[in-house]
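Engineer: Take a look at this one; I'll ask things after.
Right under this line is the structure:
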């Protein structure tokens, strides 16, 4: 079966993480018309948590690479569902659409982004270079400069 | 047998797979003695070539010993040592009769997909997605070679594997790139990309009589090989100064190179951060399939009336292709997957005469089982890696 397109690699996923985290903590509550409410505090907290574990993730934009990338994606999914469930657990959904719709919309956006995220990102794993060095029967640096020109210029006419 | 298979983006694995069998009278089975990772394999590895399937055997640069031949193959015998060209060509169609082997009309069983993408079908290629036929590749212990009476080239002397292996792809590809430049002696040629194909494009331009060959890359170690081994006279590292076009003009008295070879392809990197970021995001989001930093600069740098020779692999569509510069400067664009079968014999003779020793590019020789780490080392340009040869 052909692999479905999953254009968000680990780097781009990181860009989305930090952008969304910052957006949720700053402009989102105002744009959603929920500034000063419990919903705003919940969403700001979700943004902060998201940015926080992003910084701890083992992917190219992680600062302290302790959390495996796949675990990060799992937290994304669980966090998104928890955020959507929060207004219904607390009962604030009874106070009007604005007290639950932003949570659900953010959950849908997060799950959609996961659907187009390539889960095979392996952080900064660049192969076992030490094993390659040990197994390689050639000294690469010697091939770069030693031995002189490998090509002969044509004789002048 | 063991084979290196594609297992998803950024993942290859060496697995046990069924041995290949003769399926057609014109097939042969080759026991592989040496195979290599090509820069264009990284496009598959990075997930930018569609129609890959998990379990596809990679590899289109390989050579070895013939261990079985079909009834219709009169040109080979068991025991022959052969290099196998990467394009699969029937030898009978209009394209093959005109030595345009990489656009053979018969060898791609998925011609319909290629026709939709490119307007016409292109040849089958070993281990290079299902657009090019879905053929099993040569990063394996054995490979089935279709049309074995046309492709495999016999090596009948004691040249080492690493001296002749690259006749399968990167040497003829680099040579074709230089050949397109119509070098007449005294020319200045710029080569974008000092990877393995770029090294051979540089060396070929030198062999064909170019007076100056300017290598452009972002890695000093590759530029070092280009000048010390491949024969480049000048080097530009675009990480030190991103304005490659201006630097090429400065090196050529303001005129620009007579011809520019793009040996980079669809994953080009720009020294300008914003350009790079925009192209990277658009490619990742599939808004464009090909990043155009190298080709755009090639067109902008080439002197009026000059030639832009494209041998780096592109797969689909590119944004901001500078049609105005291309048209108004009267440039000639030449390109293509290499017609290896056309070039293989004359280049083999050049190796035998000592005009070139293609083994200079090999920096890593690994056992097949280390292919996954070999891919990572090559992809991330670690350990001064230029070319990885795998020994099954």
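Chains as they are written, first to last, in the working numbering: chain A, 1 to 157; chain B, 1001 to 1392. For every residue, glycine included, the Cβ atom is placed at its ideal position computed from N, Cα and C.
Should the stretch 1143 to 1155 of chain B be called in touch with the stretch 1014 to 1030 of chain B, which here means at least 3 C-beta pairs below 8 Å?
Structural biologist: In short, these stretches touch, since the Cβ pair count reaches three.
Engineer: Who are the near neighbours of residue 1292(B) in its chain, counting only those whose CB is closer than 8 Å to its CB and skipping five residues on each side?
Structural biologist: By one-based count along the second chain, residue 1292(B) stands at place 292. Once the five neighbours on either side are set aside, the close Cβ partners of residue 1292(B) are 1268, 1279, 1318, 1319, 1320, 1321.
Engineer: Work out the CA separation of residue 1381(B) and residue 126(A) for me, nearest whole Å.
Structural biologist: In the first chain, the residue the question calls residue 126(A) occupies position 126. In the second chain, the residue the question calls residue 1381(B) occupies position 381. When rounded, the distance between both Cα atoms is 10 Å.
Engineer: Mapping the DSSP letters down to three states, classify residue 111(A) as helix, strand or coil.
Structural biologist: On the first chain, residue 111(A) is found 111 positions in, with the first residue counted as 1. Helix.
Engineer: Checking contacts by CB at 8 Å: is residue 145(A) closer than that to chain B?
Structural biologist: On the first chain, residue 145(A) is found 145 positions in, with the first residue counted as 1. By this cut-off, residue 145(A) is an interface position.
Engineer: Does any C-beta atom of chain B lie closer than 8 Å to the C-beta of residue 137(A)?
Structural biologist: Within the first chain, numbered from 1, the residue matching residue 137(A) stands at position 137. Yes - at least one Cβ of chain B is within 8 Å of the one on residue 137(A).
Engineer: Between the stretch 1173 to 1191 of chain B and the stretch 1303 to 1312 of chain B, are three or more C-beta pairs nearer than 8 Å?
Structural biologist: Judged by Cβ distances under 8 Å, the stretch 1173 to 1191 of chain B makes contact with the stretch 1303 to 1312 of chain B, as three or more pairs qualify.
Engineer: For residue 1275(B), which residues in the same chain have their Cβ closer than 8 Å to its Cβ, ignoring the five residues on either side in sequence?
Structural biologist: Position 275 of the second chain, counted from the start, is the residue given in the question as residue 1275(B). Only 1293 meet the Cβ criterion.
Engineer: Residues in its own chain within less than 7 Å of residue 1343(B) by CB, not counting five upstream and five downstream?
Structural biologist: The residue labelled residue 1343(B) in the question sits at position 343 within the second chain. Taken in chain order, the residues that qualify are 1172, 1175, 1176.
Engineer: Roughly how many whole angstroms lie between the Cα atoms of residue 1385(B) and residue 1168(B)?
Structural biologist: Locating residue 1385(B) in the second chain gives position 385, where the first residue counts as 1. Locating residue 1168(B) in the second chain gives position 168, where the first residue counts as 1. For residue 1385(B) and residue 1168(B), the distance between alpha carbons rounds to 20 Å.
Engineer: When burial is assigned at 16 or more other CB atoms within 10 Å of the CB, is residue 1016(B) buried or exposed?
Structural biologist: Taking the first residue of the second chain as 1, we reach residue 1016(B) at position 16. Classification for residue 1016(B): exposed.
Engineer: Beta-carbon of residue 1196(B) versus every beta-carbon of chain A: anything under 8 Å?
Structural biologist: Counting from one through the second chain, the residue named residue 1196(B) turns up at place 196. Cβ-Cβ to chain A under 8 Å: no for residue 1196(B).
Engineer: Could you tell me which uninterrupted beta strand (DSSP E) segments, each at least 3 residues in length, are contained entirely in the stretch 1024 to 1083 of chain B, listed from first to last along the chain?
Structural biologist: Whole beta strand (DSSP E) segments, 3+ residues: 1028 to 1037, 1061 to 1069.
Engineer: Tell me whether residue 1278(B) sits in a helix, a strand or coil according to DSSP, three-state version.
Structural biologist: Residue numbering aside, residue 1278(B) sits at position 278 when the second chain is read from its first letter. Correct three-state label for residue 1278(B): helix.
Engineer: Looking at chain B, is there any beta carbon in it that lies within less than 8 Å of the beta carbon of residue 8(A)?
Structural biologist: As a position in the first chain, residue 8(A) is number 8, starting the count at 1. So, interface residue.
Engineer: Residue 56(A) and residue 67(A): beta carbons closer than 8 Å?
Structural biologist: Here residue 56(A) corresponds to residue number 56 of the first chain, with the count starting at 1. Here residue 67(A) corresponds to residue number 67 of the first chain, with the count starting at 1. Closer than 8 Å, so yes.
Engineer: If you run the structure through DSSP and keep just helix, strand and coil, what is residue 1100(B)?
Structural biologist: Within the second chain, the letter at position 100 stands for residue 1100(B). If DSSP states are grouped into helix, strand and coil, residue 1100(B) belongs with coil.
Engineer: Thinking just about the alpha-carbon of each residue, which of 1123(B), 1284(B), 1182(B) is nearest to the one in residue 1208(B)?
Structural biologist: Within the second chain, the letter at position 208 stands for residue 1208(B). It is 1182(B) whose Cα lies nearest to the Cα of residue 1208(B).
Engineer: Go ahead and pull the three-state DSSP assignment for residue 1153(B).
Structural biologist: The count along the second chain starts at 1 and reaches residue 1153(B) at position 153. Residue state, collapsed to three classes: strand.
Engineer: At a Cβ threshold of 8 Å, is residue 1370(B) touching chain A?
Structural biologist: Sequence index remark: in the second chain, residue 1370(B) carries index 370 (1-based). Chain A contact via Cβ: present.
Engineer: Please check if any C-beta of chain A sits within less than 8 Å of the C-beta of residue 1128(B).
Structural biologist: Here residue 1128(B) refers to the residue found at position 128 of the second chain. No, its Cβ sits nowhere closer than 8 Å to a Cβ of chain A.
Engineer: Measuring straight from C-alpha to C-alpha, what distance separates residue 114(A) and residue 48(A)?
Structural biologist: Here residue 114(A) corresponds to residue number 114 of the first chain, with the count starting at 1. Here residue 48(A) corresponds to residue number 48 of the first chain, with the count starting at 1. If you take the alpha carbons of residue 114(A) and residue 48(A), they lie about 19 Å apart.
Engineer: In chain A, what lies closer than 9 Å to residue 1382(B) by C-beta?
Structural biologist: Taking the first residue of the second chain as 1, we reach residue 1382(B) at position 382. Per Cβ cutoff of 9 Å: 126, 127, 129, 132.
Engineer: Closest Cβ-Cβ distance between residue 141(A) and chain B: below 8 Å?
Structural biologist: Taking the first chain and counting its residues from 1, one reaches residue 141(A) at position 141. Closer than 8 Å to some Cβ of chain B, the Cβ of residue 141(A) qualifies, so yes.
Engineer: By the 10 Å Cβ neighbour count, where 16 or more other Cβ atoms means buried, how is residue 83(A) classified, buried or exposed?
Structural biologist: Your numbering for residue 83(A) matches position 83 in the first chain. By the 10 Å Cβ count, residue 83(A) comes out buried.
Engineer: Less than 8 Å between C-beta atoms, sequence neighbours within five positions excluded: which residues of the same chain meet that for residue 18(A)?
Structural biologist: Position 18 of the first chain, counting from 1, holds the residue named residue 18(A). So the list reads 51, 54, 61, once near-sequence residues are dropped.
Engineer: Out of curiosity, what's the CA-to-CA distance linking residue 1356(B) and residue 1231(B)?
Structural biologist: For this step, residue 1356(B) is matched to residue 356 along the second chain. For this step, residue 1231(B) is matched to residue 231 along the second chain. Using only the alpha carbons, I get a separation of about 11 Å.
Engineer: Tell me where the beta strand (DSSP E) around residue 38(A) begins and ends.
Structural biologist: Mapped onto the first chain, residue 38(A) falls at position 38. Not the beta strand (DSSP E): residue 38(A) falls in the alpha helix (DSSP H), residues 38 to 55.
Engineer: Considering only C-alpha positions, which residue in the set 1163(B), 1287(B), 1057(B) is nearest to residue 1138(B)?
Structural biologist: Mapped onto the second chain, residue 1138(B) falls at position 138. Checking every option, the nearest Cα to that of residue 1138(B) belongs to 1057(B).
Engineer: Going by the beta-carbon positions, is the gap between residue 1150(B) and residue 1368(B) smaller than 8 Å?
Structural biologist: To locate residue 1150(B), count along the second chain from 1; it is residue 150. To locate residue 1368(B), count along the second chain from 1; it is residue 368. Their beta carbons are not under 8 Å apart, which means residue 1150(B) does not touch residue 1368(B) by this criterion.
Engineer: Between residue 1134(B) and chain A, is the shortest Cβ-Cβ distance under 8 Å, so that the two count as touching?
Structural biologist: Taking the second chain and counting its residues from 1, one reaches residue 1134(B) at position 134. Chain A contact via Cβ: absent.
Engineer: Kindly indicate which residue of 1389(B), 1392(B), 1094(B), 1383(B) has the alpha-carbon position closest to the one of residue 141(A).
Structural biologist: Taking the first chain and counting its residues from 1, the one referred to as residue 141(A) is at position 141. The shortest Cα separation from residue 141(A) among 1389(B), 1392(B), 1094(B), 1383(B) belongs to 1383(B).
Engineer: Can you list the alpha helix (DSSP H) stretches of 4 or more residues lying completely in the stretch 1300 to 1348 of chain B, in chain order?
Structural biologist: Runs of the alpha helix (DSSP H) inside the stretch 1300 to 1348 of chain B: 1323 to 1328.
Engineer: At a Cβ threshold of 8 Å, is residue 111(A) touching chain B?
Structural biologist: As a position in the first chain, residue 111(A) is number 111, starting the count at 1. Output row for residue 111(A): interface = no.
Engineer: Chain B partners of residue 149(A), CB-CB under 7 Å?
Structural biologist: If you number the first chain from 1, residue 149(A) lands on position 149. By Cβ distance, chain B contributes 1229, 1231.
Engineer: What distance in whole Å lies between the Cβ atoms of residue 9(A) and residue 1194(B), which are believed to be in contact at a cut-off of 8 Å?
Structural biologist: Counted from its first residue, the second chain places residue 1194(B) at position 194. Counted from its first residue, the first chain places residue 9(A) at position 9. Between residue 9(A) and residue 1194(B) the Cβ distance is about 26 Å, and since that is not below 8 Å, they are no contact.
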